[in-house]
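This report refers to the structure that appears directly beneath it.
See below:
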């Protein structure tokens, strides 16, 4: 990121930022408060503006950040007033120096801003952030070690850095190595041409030859109809040439990266898969694991929200040089201060975890199936592989979890390849059953991570997770059934919607139109789901439900659209109940009454005779206020009587749609003392669709 350096003559307030605080900083474990306080007026901040004109360039940066991140409304204005200008006095205070990553000294400066009028509460508090960088050849480098950002993403120093990361990973990371190197190329790749760009790229049919290639992971964006695609009608033209001027910016940037790294081949989904050929699509979707898994490097357009956005350009930002002096007044050179582009700053979580790319459904498997990924973000590049990670600034980006049971964190670090190898080693030591249980739990973690992500087309739901399913399936002797696994179906049924507001019980999910998925599959719903943790801790002894038959017995990894829903025939204990709508806000308040007992529940509590006996949640639909009959299907038993609340009774809430035929509408779990509720019931065979 290039920066324009501003002349700076610090004002009386900003002089405190010229004092070397490193000794005190080291004693605070990474957080040091600075005695900085001043007052100004929102929205123009005239005091800061006047100080800027007097030569304090940092006051100019501070004013720009305050105007960007502070947004206040007149608390005394009425609706009829409209939006008219007003002013309020604000306090700029609580300056603090902190560190992001270890071993880099002071890296971040932050300020708090709040209105001093009592009409505003604590929610009006704003925080703004600045990055601290060392200046080249300045003695201040010993106190502020973070180097200045490079002017371009593909600065020669970054190209060398990526090359070094790749060579180190290939040579020393056993977990990241390929069994066959170089691997067979995918069916089609883009030949990017020579590094000097003297020839246009073109589509190339590989005929099974081996080679080294990169793969692009990116967001298509909302205008998918206008995507640059390979179709049956234009594939011959793609094989001849694809002029750079015709390509979306993301594709151009990916070609530039591939050329800069000295590689010849690149894989991009919309070009290398014939988009209007069902046969080609089905073949290539099954190969997603190997396509991303055997790529020498996956190039992630992490900061880009569409194919046309690009990911190599970096904006020019103003940077202020600040003199640094020791506590006794001697000069220590200079350092640079630059405002951060967004509140909370950069770092792994902001730049990658909260990126548009990381919110999309397809990119989860593209990331987790890869051995190595280079993330291009607005501020810097990041590298991750199955073994480690790093960034352009050399900071330690994340702490590595040590246990397999921290499954979601482990997936982020080791990718799927690392964990599947770990599970395979479990099988060698502890046998298939132990390994299979780990594989099933891994799958439920993947479902949790995937289900809340965004898909442009709901029909992409199964294809977008199919590569992960293929890899998990390779560990199991099992059949894949609409996003679940046949031999672990009892536990697999125990998913529940994520809640937006726990106090009001708003479900994130909504019933979708995905005709491939029955109501008992998480895939039938739009929105995030997670797994009931007590259910995942059970073994077969803790399961009450018996699976008799699934029809069909397997769905394949990309199920076709079905004319009738899949049927699940089970034998279980059923309890009649009535569910009522009691609230007016989206129907999110309801009560569940068992066998007509007097009582009920607000939100998600179940009561009998006004005694709370458990929790329940609806998937997405809500009952009428007059009440409707439902069935409680017991799925899990209480398993440990010697431990309070260990393995509580739990199951599904069902709605009868035909005689003996039900669909799922929710989940319940009872307190550990309520096992007897089902004592008078006998096992019944029913069908769930």
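Residue numbers (the working numbering): 4 to 692. Every residue gets a Cβ at the ideal spot worked out from N, C-alpha and C, and that includes glycine.
Excluding five sequence neighbours on each side, which residues of the same chain lie with their C-beta closer than 6 Å to the C-beta of residue i?
i: residue 666; result: 522, 658, 660 and 692
i: residue 342; result: 64, 68 and 133
i: residue 255; result: 247
i: residue 97; result: 115
i: residue 187; result: 211 and 213
i: residue 220; result: 301, 303, 366 and 369
i: residue 421; result: 178 and 389
i: residue 395; result: 383 and 384
i: residue 147; result: 108, 109, 135, 137 and 338
i: residue 122; result: 78
i: residue 446; result: 475
Where DSSP assigns a beta bridge to residue i, which residues make up the other side?
i: residue 255; result: Note: residue 255 sits in no beta bridge, so no partner.
i: residue 571; result: 553 and 691
i: residue 43; result: 93
i: residue 192; result: 207
i: residue 659; result: 665
i: residue 672; result: 618 and 653
i: residue 634; result: 579 and 657
i: residue 328; result: 22 and 334
i: residue 498; result: 534
i: residue 340; result: 135 and 323
i: residue 118; result: 93
i: residue 459; result: For residue 459, which the question treats as bridged, DSSP gives no partner whatsoever.
i: residue 390; result: For residue 390, which the question treats as bridged, DSSP gives no partner whatsoever.
Can you give the Cα-Cα distance for residue i and residue j, rounded to whole angstroms?
i: residue 485; j: residue 680; result: 32 Å
i: residue 263; j: residue 44; result: 50 Å
i: residue 507; j: residue 620; result: Note that residue 507 scores a pLDDT of 39, beneath 50, so its modelled location is shaky; the value from the coordinates is reported in the next line. Cα to Cα, the separation comes out at about 11 Å.
i: residue 563; j: residue 450; result: 20 Å
i: residue 566; j: residue 536; result: 34 Å
i: residue 392; j: residue 245; result: 34 Å
i: residue 323; j: residue 112; result: 13 Å
i: residue 561; j: residue 443; result: 19 Å
i: residue 257; j: residue 152; result: 21 Å
i: residue 408; j: residue 17; result: Because residue 408 sits at a pLDDT of 43, beneath the cut-off of 50, its placement in the model cannot be relied upon, and the point is left open.
i: residue 384; j: residue 316; result: 12 Å
i: residue 70; j: residue 126; result: 17 Å
i: residue 617; j: residue 491; result: 25 Å
i: residue 436; j: residue 100; result: 51 Å
i: residue 511; j: residue 469; result: Since pLDDT at residue 511 reaches only 49, below the 50 mark, its modelled position is unreliable, and the value read off the structure follows with that caveat. Rounded to the nearest angstrom, the two C-alpha atoms are 23 Å apart.
Name the residue from the options whose alpha carbon lies nearest to the alpha carbon of residue i.
i: residue 175; options: 388, 633, 426 and 547; result: 388
i: residue 183; options: 234, 213 and 247; result: 213
i: residue 308; options: 654, 635, 475 and 361; result: 361
i: residue 675; options: 639, 687 and 274; result: 639
i: residue 411; options: 425, 394 and 448; result: 448
i: residue 558; options: 672, 520 and 550; result: 520
i: residue 293; options: 150, 77 and 477; result: 477
i: residue 575; options: 555, 653, 568 and 48; result: 653
i: residue 222; options: 273, 299, 156 and 195; result: 273
i: residue 363; options: 417, 305 and 145; result: 305
i: residue 207; options: 199, 239, 545 and 231; result: 239
i: residue 231; options: 311, 424 and 141; result: 311
i: residue 149; options: 120, 110 and 166; result: 110
i: residue 694; options: 678, 687, 424 and 66; result: Nothing can be reported for residue 694, as the shown portion of the chain is limited to 4 through 692.
i: residue 195; options: 229, 172 and 269; result: 269
i: residue 217; options: 202, 192 and 199; result: 192
i: residue 350; options: 445, 381 and 320; result: 381
i: residue 259; options: 171, 236, 353 and 158; result: 158
i: residue 166; options: 572, 386 and 689; result: 386
i: residue 641; options: 571, 656, 569 and 546; result: 546
i: residue 124; options: 75, 237, 472 and 377; result: 75
i: residue 29; options: 102, 371 and 683; result: 102
i: residue 668; options: 689, 145, 426 and 622; result: 622
i: residue 634; options: 463, 356, 578 and 553; result: 578
Below 8 Å CB to CB, which residues in the same chain sit around residue i once its five sequence neighbours on both sides are set aside?
i: residue 13; result: 20, 21, 59, 61, 325 and 326
i: residue 599; result: Annotation note: pLDDT 43 at residue 599 (below 50); position unreliable, coordinate value reported separately. 581.
i: residue 678; result: 640, 641 and 652
Beta-carbon within less than 7 Å of residue i's beta-carbon, same chain only, minus the 5 sequence neighbours each way: which residues are those?
i: residue 495; result: 487 and 488
i: residue 287; result: 190 and 276
i: residue 499; result: 532, 533, 535, 620 and 670
i: residue 337; result: 138, 141, 143, 324, 325, 326 and 327
**Message:** Suppose only complete runs of 4+ residues qualify. What are the alpha helix (DSSP H) ranges in the segment 46-72, listed by chain order?
**Reply:** At a cut-off of 4 residues, the continuous stretches assigned as alpha helix (DSSP H) that sit fully inside the segment 46-72 are 49-56 and 60-72.
**Request:** Tell me the start and end of each unbroken alpha helix (DSSP H) in the segment 222-288 that is at least 4 residues and wholly inside, in chain order.
**Result:** Runs found: 238-243, 252-263 and 272-275.
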